[in-house]
Every structure is written in structure tokens, then in C-alpha cells.
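61 is the number of the first residue of the sequence shown in our numbering; add one for each residue after it.
Below is one structure, written out as C-alpha cells; the observations come after it.
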Amino acid sequence: MKFISFYSFFLWVTSALADPPINPNIGHNHHHHRHGEKHETVKPTSARFVTSRKSSVELPLPNEENAFTFIVYGDRTGGPPEGVSVLADAVRDTNLLEPDFVMTVGDLINGYSNEEIWMTQMKEYKSIMNQLSCPWFPVAGNHDIYWRGKDKSKKPEGEMEAAYEMHFGPLWYAFEHKKSWFIILYSDEGNPQTGEKTFGKPDAQRMSAEQFSWLDQTLTKAKGAEHVFLFLHHPRWLGRGYGEDWNKVHKRLAAAGNVSAVFAGHIHTMRYDGPKDGIEYVTLATTGGGQSSSIPQAGYLHHYDIITVREGRISLAAVPVGEVLDVREITGELISQVNKVKRSPVQASPPLSLKNNEGGQHELSVTLNNPSDRSVTTVVSSSNGSLGFRWQPNHQHTTLKPGETKKLNFNLSWDAYLTRGNFGTPSFHIDSEYLAKGFAYEIPRRTIPVPLELELSLKTELQNGAVRFNGSNAALSIPSNRFTIEKELTLECRFKADTFAGRTGLVTKTENSGYGIFISDGKPDFSVNLDGKYLSATASSSVLKTGQWHTLAGIYDGREARLYLDGKLIASALGNGKLKDNRLPMMIGADVDQQGQPTSFFNGLIDYVYLTPKALYSGEASVAIKDRKEAIIDLQLNENIGSWHPDASGSKAHAISIGGFTVETIK
Numbered sequence: 061m062k063f064i065s066f067y068s069f070f071l072w073v074t075s076a077l078a079d080p081p082i083n084p085n086i087g088h089n090h091h092h093h094r095h096g097e098k099h100e101t102v103k104p105t106s107a108r109f110v111t112s113r114k115s116s117v118e119l120p121l122p123n124e125e126n127a128f129t130f131i132v133y134g135d136r137t138g139g140p141p142e143g144v145s146v147l148a149d150a151v152r153d154t155n156l157l158e159p160d161f162v163m164t165v166g167d168l169i170n171g172y173s174n175e176e177i178w179m180t181q182m183k184e185y186k187s188i189m190n191q192l193s194c195p196w197f198p199v200a201g202n203h204d205i206y207w208r209g210k211d212k213s214k215k216p217e218g219e220m221e222a223a224y225e226m227h228f229g230p231l232w233y234a235f236e237h238k239k240s241w242f243i244i245l246y247s248d249e250g251n252p253q254t255g256e257k258t259f260g261k262p263d264a265q266r267m268s269a270e271q272f273s274w275l276d277q278t279l280t281k282a283k284g285a286e287h288v289f290l291f292l293h294h295p296r297w298l299g300r301g302y303g304e305d306w307n308k309v310h311k312r313l314a315a316a317g318n319v320s321a322v323f324a325g326h327i328h329t330m331r332y333d334g335p336k337d338g339i340e341y342v343t344l345a346t347t348g349g350g351q352s353s354s355i356p357q358a359g360y361l362h363h364y365d366i367i368t369v370r371e372g373r374i375s376l377a378a379v380p381v382g383e384v385l386d387v388r389e390i391t392g393e394l395i396s397q398v399n400k401v402k403r404s405p406v407q408a409s410p411p412l413s414l415k416n417n418e419g420g421q422h423e424l425s426v427t428l429n430n431p432s433d434r435s436v437t438t439v440v441s442s443s444n445g446s447l448g449f450r451w452q453p454n455h456q457h458t459t460l461k462p463g464e465t466k467k468l469n470f471n472l473s474w475d476a477y478l479t480r481g482n483f484g485t486p487s488f489h490i491d492s493e494y495l496a497k498g499f500a501y502e503i504p505r506r507t508i509p510v511p512l513e514l515e516l517s518l519k520t521e522l523q524n525g526a527v528r529f530n531g532s533n534a535a536l537s538i539p540s541n542r543f544t545i546e547k548e549l550t551l552e553c554r555f556k557a558d559t560f561a562g563r564t565g566l567v568t569k570t571e572n573s574g575y576g577i578f579i580s581d582g583k584p585d586f587s588v589n590l591d592g593k594y595l596s597a598t599a600s601s602s603v604l605k606t607g608q609w610h611t612l613a614g615i616y617d618g619r620e621a622r623l624y625l626d627g628k629l630i631a632s633a634l635g636n637g638k639l640k641d642n643r644l645p646m647m648i649g650a651d652v653d654q655q656g657q658p659t660s661f662f663n664g665l666i667d668y669v670y671l672t673p674k675a676l677y678s679g680e681a682s683v684a685i686k687d688r689k690e691a692i693i694d695l696q697l698n699e700n701i702g703s704w705h706p707d708a709s710g711s712k713a714h715a716i717s718i719g720g721f722t723v724e725t726i727k
């Protein structure tokens, strides 16, 4: 037995307790450790826990304590007037969460104006906040108080303080709720000598003797409270232009011994400073105010904080505005409608003609349809894949009523240099929202390639090559409108796999229809859909080898499906019926899903893909193809022109790469 020293054992135990191992399936995107101890629980008794089953597991019950929640909003103003829509979304979220009440941290209106504009903005703010199902409490900020009219002779004494107290409430006040006290301070009293109100000068950021006296009395009144919370607009504890006046306040709060947290706003970004002497200092960003959104996950965002209060502890959580879903709204019918929008076809026409070494321009029409029962807003915009193609305009907004179809027109132009080497596929994004009664449901972005008529010149001097697929996101896609299979087919592919792992598509066009070759777990399968059912020729075992070149050919002659491996028949299945095709692209190096996107990726090299509308092989052995004139797809994969891999057949069924690729020379 190997012994370790007590010191080593101590380090091992303490590190294990401090930082328990993370499940590798969880990852490290978020902090998974608790900020506090686990909640207290009690043993289940017959009075609170009932079952007719027997189990050796005892399920602890929560303590029946008097917990509650409240929400704090950040700054509404210091930004565009339309920020009130963000505030309205926060109110909607809050009504779904149903806290006991809502607190604010000031800057309720834009202000910085005269009395008339101030009154209009005050009424707008209160009309939105009064939609809350719970009480709400105001805090005065500089935008609510500072008067900035043109005629300074008309500036009221105290600027907008009197108007604020007439329409919002006292500049400082406190209230009690469930054994906790909530104290609201006023942080814009101004310079006591000159009366100047500004937040950039320490002399104007001092608390008056009157407010200090009131705070002392209130802290004494709240001496027996379980928690005390403070709210003000300016985070004076940050210092800077605020000076050092907050130190006087903090000493009082620390001496009280039961102040749990202080909340402020103004700086338009989240910030946590604490705990200091047991007090947590929390600064909120915005709930409709001016917001750069430069790093949302680091606190530059519209949000509100949810505070849960329990005996001896509080929890703090920030929620982005608009992220709360209404459980009662997500019915089976709503799911059906948003899926209709998601699957609605987008048509782009006519095809763009693109030739090597030639510039040009093209008029493109994008046709949108709304098959749902409510209006849908959509933005059509050029994608990054269109780099080098000039779009005019580069995006358009539209709203489609239920059942409505619309066409949006764009002009594309490009220069000759673009087609001389590597060029991407011009494409556009579709960003839509389904407008339900209480929420705009965002539909996942779709990227639609512009249909192309390509005249690509092959470089016959190139040596034999093959495309490498990475097994995770790489595939080649061929639009289905370039070729047609009706009665018979031969589908052939030469490849070398690096690995075989689970379901793997090699060359496929299958989605409850179509045809394709799979090599899942090294076991080849050729399937063709007849009258809605698959006829499959499947190998009896995993006969494919990694690191070895193989050729698979799937044949259907109207009566039988056959599968050939390296020239030898390995499986067959009898069946007839009408071949059921689809409008999905042919996917090389992957399977294709309902949205025409690749899945079940292949890992290795593919040398060529060949498709003909005839059954070329019969019997026990196949022969090498000599005459390729019958081909409707003939991809030799020796070369690429930009993102495209030229098709040597007359179909111009050029393949476009998805997820990146490399072309390697092979022997």
C-alpha cells in the first residue's frame, strides 16, 4: 500500500471540498457552484408527505419559512425615447414572475427639459409601470430632477424636486415588508451653498444633514428587521466624481448590522462591489436606458434583478429583458403555427448567371409567404457569404399578414476579378418573428443561397484529387433542381474513411423519400424510396475498413435494389413501385435533414461521385465506367473554384461546400 503525508492528504481533501469535479458533459460556460449554503430542510412527516408506494429514499421537505421576492429595474432613461418599449417588456416579464413588488434605481424619465416635457414623460412612464400587477416604488435620479430649460430665469427652486414629489412620491422614504425594511435615499440634493445639481462634482454629491438625520432614525426603527435594503440612483461608493461622502453612509449601515444590500444605477452597466462589512453593493445596468450592448454577458444589457429574501440570506439574479416565456401561451396550436413559419418556403429567382473572369449584375426577386394565423415580421439581408457581391439595398424589412405573399427585389452586381479565383456563394438571411398576442417569437435564422447558373472552366492539368471531410460539419451540397431521377439509377462513390462512428451519410437525398448510400458503423446500405417506403440493400456486417479505399455503387433497375462493394455484389432486395423523390439537395459526406441541412457527417476522403438515370450494373460483379456521357452528376472532386466543385456532366450540378473543405492530391 502506498502512503501519502498528512499534509498532502490535507491539501487533497480541502481542494476536493472546495472545487468538486465538474461533469465533463456540462462544460465550463457558466459558474456552477452555489453562492451560499444549501437551504435548510426538514424530514417528511405524514402531515406533509403522502404516498401509497414504498421506497428507501427519503425526500427532504423545504422549510416553511416566510420567503419572498422583489425585482429591481435599472435606468429607463439616458437613451432613445423608444426605450419605453424595453420597459414595457420588463413589465410583461414581471407580471409573469409575480414578485411581491418592484423597486427602481432612478432615471425614470429622460427629463433634462422644461416642466411641460417633464409632465408628458412622467405620464408615459407611469402609464407603463401602472400595468404591473404588484406595487412599485420610485427612486429619484438626475434625469428626473435636473431642469434644463432654455430660459434659466424660469428654473424652479430645487429644479424638478417639487414636481417629482407631487407626481412620483417623496425624495426619500422607507417601508417595511415581511420583517425587512426598504430605505430609499436621494442622491441629487446638489451643492448646499450654490444649489448646483450635477453628478460630476463632489460638492454637489453630498447628503444633507436633514437626510442623514432621517436615515439615522430609520435605521434605528429598522433595528429588529431580518434584512435592510437601500436604494439610490448614484453608486457613490465608486468614488470618482462622487467624492468620499458615501463613507459616512457606509459606517452607519455597517454599524446597524442588518443591512444586506445596497442597489444603484446610473452607469448603465452591471457591477458588483461587495460584500463590504457584510453589505452587498449592486449596480444595475438599464431597463430601457441608453445601452451599448457591447458585452451583454458581462453586464452591458437591458435587464432587471430578481432578489429572493430568506431568513439569514438573500439571492441575486439578473434576467435579460424579454427572456421570460409565458407557459400558458405556448400551446400546441402556437407550436404548430411557428413551425409553419419556420418551414415556409423562400423562393429566389431568376438564377444568377456566373462565369469565370466575367463581371455582371442581376435582378433578384425574393418571394416570402406567411402560412400562419398571425402577422410575421421579416428582415431579408445579404449574408457574409456574399462578400464581393454588392447588394442594393443590402436589407429590407416587411410584415406579412396571415396568408400573405410578398416579393422583395434586390440588385446584385460583381466585378470580373471575383470569379477568377476563390469566391463564395451569394446568399441572404431570413430573420422572422411570429407576432403572438403577448410575445414576438423569434424564428431561427435561415440562410438561403441565391440560385446560380454556373459556367465553370475545368483545369484539366490538375492531378487526381479528393475532398477531405472532417466528420463534424463539412459536406458538399448539390441543388435538386439540377438533376432528376424517375425510374432507374446508379449512384457510385469512391472514398476512404478515417473513422466509422454511428449513423453516417456518404451520398444521400433521403428524408422519407429519395435515395442514398449510408456507411453507418462501417456497414454499407443503399436505399431507395418507392411509394413512400424504403427498399434497402444492406450488407450483412460491417465490411468496410478504415484507411482503405472503397467503391460503393447502389443500383435500382425498377425491380431490384443492388449494392456493390469494390465491384462485387454484397446485397440486394426485390421491390417495385414509383420512385418518390424530393426537393432536398443531394448531400455528399453527410445525410440531409428536413431543412436541407447536413447531418450525420462522414470523416475521411471522397474521390468521386457519379449518378446516372440508368441501372449500369447487373449480376455478381460491376465493371469500371468507361462512358460517362449518361451521367447527370459527375463530380471528380479534383479541384475547386472558390466554394464550388465543378460537375463534368451536362447538368451543371456543381457542388457547393458547407463547413469548409480541403482538396488533397491522391495516388
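Cβ atoms here follow ideal geometry from the backbone N, Cα and C, with glycine treated the same way.
Source: prediction; values computed, not measured.
Checklist entry - How do the stretch 710-724 and the stretch 522-534 stand: do at least 3 beta-carbon pairs fall below 8 Å, yes or no? => result Three or more beta-carbon pairs separated by less than 8 Å link the stretch 710-724 to the stretch 522-534, which places the two stretches in contact.
Next on the checklist: Let me confirm a value: Glu249 is counted as buried when at least 16 other C-beta atoms fall within 10 Å, else exposed. Which label applies?
Outcome noted: For the purposes of this step, residue 249 is taken as residue 189 along the sequence shown, with counting starting at 1. The residue is buried, with at least 16 neighbouring Cβ atoms inside 10 Å.
Next on the checklist: Using a Cβ distance threshold of 8 Å, determine whether the stretch 637-650 contacts the stretch 560-571, with at least three qualifying pairs required.
Outcome noted: Segments in contact, yes.
Item to check | Span of the alpha helix (DSSP H) around His310 | outcome: The count along the sequence shown starts at 1 and reaches residue 310 at position 250. Counting along the chain, the alpha helix (DSSP H) containing His310 begins and ends at Trp306 to Ala316.
Item to check | Counted within 10 angstroms of its Cβ, other Cβ atoms place Ser709 as buried (16 or more) or exposed | outcome: For the purposes of this step, residue 709 is taken as the residue at position 649 of the sequence shown. Answer is buried; the Cβ neighbour count reaches 16.
Item to check | Sheet register partners of Lys336 (DSSP bridge) | outcome: On the sequence shown, residue 336 is found 276 positions in, with the first residue counted as 1. Per DSSP, Ile339.
Next on the checklist: So if DSSP puts Trp274 in a beta bridge, which residue, or which two residues, is it bridged to?
Outcome noted: As a working note, residue 274 is residue 214 in the sequence shown. Bridge partners of Trp274: none, in fact.
Item to check | Cutoff 7 Å; reference Leu121; Cβ partners in own chain excluding five residues on either side | outcome: Residue 121 sits at position 61 when you count from the first residue of the sequence shown. Result list for Leu121: Thr101, Val102, Pro104, Arg108 and Phe109, in chain order.
Checklist entry - If you run the structure through DSSP and keep just helix, strand and coil, what is Leu522? => result Translated into the one-based positions of the sequence shown, residue 522 becomes position 462. For Leu522, the predicted structure reports a pLDDT of 49, less than 50, and the residue's modelled location is therefore unreliable. The matter cannot be settled from this model.
Checklist entry - Asp204 lies in the alpha helix (DSSP H); which residues open and close that run? => result As a working note, residue 204 is residue 144 in the sequence shown. Counting along the chain, the alpha helix (DSSP H) containing Asp204 begins and ends at Asn202 to Ile205.
Item to check | Lys114 - DSSP class collapsed to helix/strand/coil | outcome: Within the sequence shown, the letter at position 54 stands for residue 114. If DSSP states are grouped into helix, strand and coil, Lys114 belongs with coil.
Checklist entry - Between the C-alpha atoms of Thr672 and Ser596, what's the straight-line distance to the nearest angstrom? => result Locating residue 672 in the sequence shown gives position 612, where the first residue counts as 1. Locating residue 596 in the sequence shown gives position 536, where the first residue counts as 1. Distance between the alpha carbons of Thr672 and Ser596: 19 Å.
Next on the checklist: Please tell me whether Trp474 and Lys556 are closer than 8 Å, where the distance is taken between their beta carbons.
Outcome noted: What you label residue 474 is simply residue 414 of the sequence shown in a count that begins at 1. What you label residue 556 is simply residue 496 of the sequence shown in a count that begins at 1. In this structure, Lys556 does not lie closer than 8 Å to Trp474 by Cβ.
Next on the checklist: Assuming the contact rule is C-beta atoms closer than 8 Å, His326 and Asp167 should be a hit. Round their C-beta distance to whole Å, please.
Outcome noted: One-based indexing of the sequence shown puts residue 326 at position 266. One-based indexing of the sequence shown puts residue 167 at position 107. The beta-carbon separation of His326 and Asp167, rounded to 7 Å, stays under the 8 Å limit for a contact.
Next on the checklist: In chain order, what are the residue ranges of uninterrupted beta strand (DSSP E) at least 3 long that sit wholly in the stretch 594-637?
Outcome noted: Taking 3 residues as the minimum length, the beta strand (DSSP E) runs contained wholly in the stretch 594-637 are 609-616, 620-625 and 628-634, in order along the chain.
Checklist entry - Who does Asp694 pair with in a DSSP beta bridge? => result Here the question's residue 694 lines up with position 634 in the sequence shown. Answer is Tyr670, bridged to Asp694.
Checklist entry - What did DSSP end up calling Trp232 once you bin it into helix, strand or coil? => result Here residue 232 refers to the residue found at position 172 when the sequence shown is read from its first residue. Note: Trp232 maps to coil in three-state DSSP.
Item to check | Validate contact between the stretch 316-324 and the stretch 397-417 using beta carbons, cut 8 Å, 3 pairs | outcome: Judged by Cβ distances under 8 Å, the stretch 316-324 makes no contact with the stretch 397-417, as fewer than three pairs qualify.
Checklist entry - CA-CA distance, Tyr341 and Asn190? => result Stepping through the sequence shown from its first residue, residue 341 is reached at position 281. Stepping through the sequence shown from its first residue, residue 190 is reached at position 130. Spanning the alpha carbons of Tyr341 and Asn190 requires a straight line of approximately 28 Å.
Next on the checklist: Excluding the 5 residues flanking Ile131 on each side, which residues of the same chain have their C-beta closer than 6 Å to its C-beta?
Outcome noted: Working through the sequence shown from its first residue, we reach residue 131 at position 71. Once the five neighbours on either side are set aside, the close Cβ partners of Ile131 are Thr154, Pro159, Val162, Tyr364 and Ile366.
Item to check | Check whether Gly531 and Asn700 have beta carbons under 8 Å apart | outcome: One-based indexing of the sequence shown puts residue 531 at position 471. One-based indexing of the sequence shown puts residue 700 at position 640. For Gly531 and Asn700, no; Cβs fall outside 8 Å.
Item to check | Reduced DSSP category for Arg266 - H, G, I as helix; E, B as strand; rest coil | outcome: The residue labelled residue 266 in the question sits at position 206 within the sequence shown. Residue state, collapsed to three classes: coil.
Item to check | Every unbroken alpha helix (DSSP H) within the stretch 389-437, with a cutoff of 4 residues, ordered by chain | outcome: The qualifying runs are 392-403.
Item to check | DSSP three-state assignment for Glu221, whether helix, strand or coil | outcome: As a working mapping, residue 221 is identified with position 161 in the sequence shown. Glu221: helix per DSSP, three-state reduction.
Checklist entry - If you draw a straight line from the alpha carbon of Gly299 to that of Thr343, how long is it in whole angstroms? => result Along the sequence shown, one-based indexing puts residue 299 at 239. Along the sequence shown, one-based indexing puts residue 343 at 283. If you take the alpha carbons of Gly299 and Thr343, they lie about 14 Å apart.
Item to check | Which of helix, strand or coil DSSP assigns to Ile188 | outcome: As a first step, residue 188 is located in the sequence shown; it is residue number 128 there, counting from the start. Assignment of Ile188 by DSSP, reduced to helix, strand and coil, places it in the helix class.
Checklist entry - Looking only at C-alpha atoms, which of Val381, Asp305 and Pro453 sits nearest to Gly359? => result The residue you call residue 359 lines up with position 299 of the sequence shown. With distances taken between Cα atoms, Gly359 lies closest to Val381.
Checklist entry - Within 10 angstroms of its Cβ, does Lys605 collect 16 or more other Cβ (buried), or is it exposed? => result In the sequence shown, counting from the first residue as 1, residue 605 sits at position 545. Burial call: exposed.
Checklist entry - Of the choices Phe235, Glu256, Gln253 and Pro262, whose alpha-carbon is the least far from that of Leu275? => result As a first step, residue 275 must be located in the sequence shown, where it is residue number 215. Here the closest residue by C-alpha is Phe235.
Item to check | Local conformation of Arg373 per DSSP, three classes | outcome: As a first step, residue 373 is located in the sequence shown; it is residue number 313 there, counting from the start. Three-state result, Arg373: strand.
Checklist entry - Across which residues does DSSP place Ser492 in a beta bridge pair? => result Your numbering for residue 492 matches position 432 in the sequence shown. Here Ser492 is bridged, per DSSP, to Thr438 and Ile503.
Next on the checklist: Give me the residue from Leu665, Glu221 and His310 with the minimum Cα distance to Asn202.
Outcome noted: Looking up residue 202 in the sequence shown gives position 142. Residue nearest to Asn202 within the set Leu665, Glu221 and His310 is Glu221 (criterion: CA-CA distance).
Checklist entry - Going by DSSP, which residues form a beta bridge with Leu245? => result Indexing the sequence shown from 1 puts residue 245 at position 185. DSSP lists no bridge partner for Leu245.
Item to check | Per DSSP, the bridge partner or partners of Ala380 | outcome: Translated into positions along the sequence shown, residue 380 becomes position 320. For the sequence presented, residue 380 should be read as Pro rather than Ala. Partner residues in the beta bridge of Pro380, as assigned by DSSP, are His363.
Checklist entry - Short check: CB of Phe128 to CB of Val369, under 8 Å? => result The residue given as residue 128 occupies position 68 in the sequence shown. The residue given as residue 369 occupies position 309 in the sequence shown. Cβ distance < 8 Å, so Phe128 and Val369 count as in contact.
Checklist entry - Quick one: does Thr164 have its CB under 8 Å from some CB of chain C? => result Chain labels in this structure do not include chain C; a single protein chain is all it has.
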